[in-house]
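Reading through the structure tokens given below for one structure.
Residue numbers (our numbering): 3 to 168.
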């Protein structure tokens, strides 16, 4: 008989985070695909382990990863490069520099392993850019419409040219 263990983050997913990266999904990629990619990257590239997940809807998901502090820079860099298939919209790191540096190999004394850091990756579905994005699209539409009307008025008011060119 197997034992099923469920891990749930205590409280809000980012409450005890050492670092938080916010991702915005756009285009044909969806939140589920990015969530799976973040989990895969944590296992293969970052040397981490997924310790929690919270999905509130098809448009929002949070993945919590425990990883060595020395791998945090690599994790954030890979997300910034778009390896998860989404755009980074924010990064917050709340760690001492000592927690992020690799242990020195030159010391002869065995060092205790540092505590893993908690990276919270918040994934949201991209929208239209909020109210400013909607405003920009509306202004561009109005300018294009006015330019078209002006062009039609000029075309109609010009007398035909003698050389046959319109």
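For every residue, glycine included, the Cβ atom is placed at its ideal position computed from N, Cα and C.
**Prompt:** So is residue 43 in contact with chain C if we call contact Cβ pairs under 8 Å?
**Reply:** Looking at the structure shown, chain C is missing, and only one protein chain is on hand.
**Asked** According to the neighbour-count rule (16 or more other Cβ atoms, all chains shown, within 10 Å of its Cβ), is residue 152 buried or exposed?
**Response** Residue 152 is exposed by the Cβ-count criterion.
**Euclidean distance between Cα positions of residue 148 and residue 139** = Each residue's Cα considered, the two are about 14 Å apart.
**Environment of residue 20 [buried if 16+ CB atoms lie within 10 Å]** = By the neighbour-count definition (other C-beta atoms within 10 Å, threshold 16), residue 20 is a buried residue.
**Message:** Using C-beta distances below 6 Å, list every residue in its chain close to residue 36, excluding the 5 sequence neighbours before and after it, in chain order.
**Reply:** Closer than 6 Å at Cβ, skipping near neighbours: 27, 86, 87, 88 and 125.
**Asked** In chain order, which beta strand (DSSP E) runs of at least 3 residues are fully inside the segment 15-95?
**Response** Counting only runs of 3 or more, we get 21-27, 51-59, 62-69 and 89-95.
**Request:** Could you check which residue in 22, 57 and 62 has the C-alpha nearest to that of residue 128?
**Result:** Residue 62 holds the alpha-carbon nearest to the alpha-carbon of residue 128 among 22, 57 and 62.
**Asked** Which value, in whole angstroms, describes the spacing of the CA atoms of residue 72 and residue 30?
**Response** One C-alpha to the other measures close to 33 Å.
**Prompt:** For residue 45, which residues from the same chain have a beta carbon less than 8 Å from its beta carbon, with the 5 sequence-adjacent residues on both sides left out?
**Reply:** Within the same chain, and ignoring the five residues on either side of residue 45 in sequence, the residues whose Cβ sits closer than 8 Å to its Cβ are 51 and 52.
**Asked** Any idea if residue 64 is buried or exposed, counting beta-carbon neighbours within 10 angstroms, 16 or more meaning buried?
**Response** Per the 10 Å Cβ criterion, buried.
**Message:** The beta strand (DSSP E) that contains residue 117, what's its start and end?
**Reply:** Note, residue 117: premise wrong, no beta strand (DSSP E); not H, not E.
**Message:** Suppose you measure from the CA of residue 136 to the CA of residue 144; what does that come to, to the nearest Å?
**Reply:** The straight-line gap from Cα to Cα measures roughly 12 Å.
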